[in-house]
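See structure below.
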Amino acid sequence: MKLSRMAAPIAALVLAGLTASACAPPSTGSTDNAATKDEKSGTLRVWLFQEVNNKPKEQVVDGAVAAFRKEHAGTKVEIEYIPVETRAQRIKAAFNDPKSAPDLVEYGNTDTAGYVKDGGLADVTEEFGAWDEAKDTDPTAKQSVTVDGKIYGAPLFVGVRALYYRTDVFKELGLSAPKSQAELISTAKKIHKAKPSLYGLAVGGAYTYGAMPFVWSNGGELADESGGTYKAAVNSPAARKGIAAYTSLFGDDNCPAAKCAAMGGNATVTAFASGQAAMAIGGDFSHQAVEAGTVKGKYAVVPLPGVRAGSIAPAFAGGNNIGVLRSSSHRTLAVDLMKSITGKDTQAELFDAMGFLPTYTDVLAASAQKQPFVAPFVKTLGAGAKFVPASAGWSQIDSSLVLPTMFQEIISGRKDVAAASDDAAKKMDAAFASAG
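Counting in my numbering, the sequence shown runs from 4 upward without gaps.
Written out as structure tokens, the structure reads:
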């Protein structure tokens with residue numbers, strides 16, 4: 004989900020998923036809709052997320068709605084912008100009460116599997132497959148609307164993280180941007196030793212999606228899937244290597260545990276933007292915040308390096324999607340409006356207006372040509388971003404802070420990597436099992 008503008012979860016900026024119980028059987032096909040009607044006129048209701056600066060988004064959406072209405076005379080569209088903080092309650096209530104439900108909803112991509120389990124989203128596999136523009140959808144973005152091989156919406160934008168670093172500090176110390184994970188860690192510690200007032204690399208014990216590239220680049224996974232069933236893999240040897248690498252950055256030689264163990268993604272970016280850190284792992288969505296900080300004009304961005312020199316660490320692909328509710332009595336119209344709001348022209352305009360990264364490979368490339376700051380993020384996405392397990396159990400894992408707890412136990416010294424990752428794996432397996 005969105006890792007910034009959406010209340011940064013993401014946010015971590017990643018939207019924390021809700022732990023929902025199934026309130027209806029999941030959709031089983033494109034023609035299996037909970038509604039018995041497919042009205043070809045009337046009023047479509049749409050819920051979109053309220054942004055911090057929402058006016059530009061409204062203008063772009065209004066344009067997409069106007070284009071839709073030209074093709075659908077007699078159809079009205081009502082847009083409501085809902086607070087991200089209360090989206091979980093609103094959307095779950097809509098699933099339980101079709102009369103109050105919208106026809107279309109914006110949702111964080113980490114919520115997909117949970118919403119499908121709840122029976123709230125319509126299966127649009129057939130329509131998505133027949134949509135000409137959809138063939139250019141980035142594979143990872145497409146994965147974020149896919150559960151058990153079926154598609155439940157269309158990606159609206161994607162967000163990935165890369166490495167922000169202080170060019171003035173690096174020049175003063177005669178350093179160059181790190182090209183491997185080991186070099187990243189050693190560079191961070193060199194900087195802190197030379198400049199004790201600076202974190203070499205700002206890291207956070209509660210920054211799940213900043214930590215995951217270390218796990219993935221070492222060959223680890225969050226979970227393994229077999230036959231639609233997930234089993235935790237954070238305690239595998241490869242994952243433990245990544246966990247050990249990330250947690251090695253907490254301490255008096257880089258980012259003191261007393262200050263950094265509780266930090267999340269927003270706090271690490273704020274530390275960088277305010278001049279307290281020489282490096283930080285931030286998203287394309289962090290650009291405006293950094294530009295507004297004291298480091299403006301004194302930083303650059305490169306892809307976060309992987310284990311092998313010159314490689315790029317896999318990043319988490321956050322972002323938002325637009326889905327049609329199964330309860331909609333205007334299914335065909337709702338799908339057409341979904342295409343208009345998530346289509347190439349709209350995504351290009353959303354990039355210009357809000358900085359949201361497009362989910363189409365060709366539109367993304369064109370955006371990078373217009374705005375050079377986007378290039379490292381496009382390169383990161385192209386190198387192969389990763390996504391969370393497509394299980395409703397992920398919402399419970401995320402909201403229960405299973406992974407931050409694991410990192411913090413290691414950072415504090417209460418447990419070693421093996422014990423902490425074993426405990427985290429048990430909690431994850433319980434969540435996967437309860438989700439079915």
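Even for Gly, the Cβ is constructed at its ideal location relative to N, Cα and C. Since we're looking at a predicted model, the values are computed, not measured.
**OP:** Out of Phe275, Leu51, Val310 and Gly245, point me to the one whose CA is closest to Ala295's CA.
**Re:** Considering only alpha carbons, the answer is Phe275.
Original post:
Could you check where the beta strand (DSSP E) with Pro158 kicks off and where it finishes?
Top reply: From DSSP, the beta strand (DSSP E) with Pro158 extends over Ala157 to Gly162.
Subject >> Secondary structure of Arg90, DSSP reduced to three states >> reply: Per DSSP, reduced to three states, the secondary structure at Arg90 is helical.
Subject >> Bridge-paired residues (DSSP) for Cys258 >> reply: For Cys258, which the question treats as bridged, DSSP gives the partners Phe253.
Original post:
Whole beta strand (DSSP E) runs in the segment 139-226 with 3 or more residues, listed along the chain?
Top reply: 157-162 and 164-169, all fully within the segment 139-226.
Original post:
Where does the unbroken beta strand (DSSP E) through Leu340 begin, and where does it stop?
Top reply: Per DSSP, Leu340 lies in no beta strand (DSSP E); the unbroken alpha helix (DSSP H) holding it starts and ends at Arg334 to Thr345.
Original post:
Can you give the Cα-Cα distance for Gly346 and Lys198, rounded to whole angstroms?
Top reply: If you take the alpha carbons of Gly346 and Lys198, they lie about 48 Å apart.
Subject >> Distance between His195 and Cys258 (C-alpha atoms, nearest Å) >> reply: Roughly 8 Å between the two C-alpha positions.
Subject >> Outcome for Lys60 when other beta-carbon atoms lying within 10 angstroms are tallied against a minimum of 16 >> reply: Residue burial is scored here from C-beta neighbours: Lys60 has at least 16 other C-beta atoms within 10 angstroms and is therefore classed as buried.
Subject >> According to DSSP, residues forming a beta bridge with Tyr233 >> reply: Partner(s): Glu228.
**OP:** Along the alpha helix (DSSP H) that carries Asn269, what are the first and last residues, could you check?
**Re:** From DSSP, the alpha helix (DSSP H) with Asn269 extends over Gly268 to Ala276.
Original post:
Relative to the alpha-carbon of Lys120, which residue among Asp106, Gln279 and Phe98 has its alpha-carbon at the smallest distance?
Top reply: Minimum Cα distance to Lys120 is reached at Phe98.
Original post:
How should Ala303 be labelled, buried or exposed, when 16 other C-beta atoms within 10 angstroms of its C-beta is the threshold for buried?
Top reply: Exposed is the call here.
**OP:** At 4 residues or longer, and completely inside the segment 61-127: list those alpha helix (DSSP H) runs for me, N to C.
**Re:** Those alpha helix (DSSP H) runs which fall completely within the segment 61-127 and span 4+ residues are 90-99 and 115-120.
Original post:
Less than 7 Å separating the beta-carbons of Ala395 and Gly117?
Top reply: Yes, the pair counts as a contact, with Cβ atoms nearer than the cut-off.
**OP:** Please classify Thr250: is it buried, with 16 or more other beta-carbons within 10 angstroms of its beta-carbon, or exposed?
**Re:** The residue is buried, with at least 16 neighbouring Cβ atoms inside 10 Å.
**OP:** Return the chain-ordered list of same chain residues with a C-beta closer than 6 Å to the C-beta of Glu224, the five sequence neighbours on each side being excluded.
**Re:** Result list for Glu224: Ala236, in chain order.
Original post:
Along the chain, where does the alpha helix (DSSP H) that runs through Phe52 open and close?
Top reply: Per DSSP, Phe52 lies in no alpha helix (DSSP H) segment; the continuous beta strand (DSSP E) that holds it begins and ends at Gly45 to Phe52.
Subject >> Residues near Val420 by beta carbon distance below 8 Å, same chain, minus five either side >> reply: Contacts found: Arg243, Ile246, Ala247, Thr250 and Ile413.
Original post:
How about Gly156 and Gly326: are their beta carbons less than 7 Å apart?
Top reply: Against a cut-off of 7 Å, the Cβ pair of Gly326 and Gly156 comes out as a contact.
Subject >> Opposing strand residues paired with Ile414 [DSSP bridges] >> reply: When beta bridges are read from the DSSP output, Ile414 appears opposite no residue.
**OP:** Could you tell me which uninterrupted alpha helix (DSSP H) segments, each at least 4 residues in length, are contained entirely in the segment 371-437, listed from first to last along the chain?
**Re:** With a minimum length of 4 residues, the unbroken runs of alpha helix (DSSP H) contained wholly in the segment 371-437 fall at 378-385, 396-402 and 405-415.
Subject >> Nearest residue (CA-CA) to Thr78, options Val127, Ala337 and Lys430 >> reply: Comparing C-alpha distances from Thr78 to each of Val127, Ala337 and Lys430 shows the shortest one belongs to Ala337.
**OP:** Within 10 angstroms of the Cβ of Ala125, are there 16 or more other Cβ atoms? Answer buried if so, exposed if not.
**Re:** With 16 or more Cβ atoms within 10 Å of its Cβ, Ala125 is classed as buried.
Original post:
Around the Cβ of Lys429, are there at least 16 other Cβ atoms within 10 angstroms (buried) or fewer (exposed)?
Top reply: Flag for Lys429 reads exposed.
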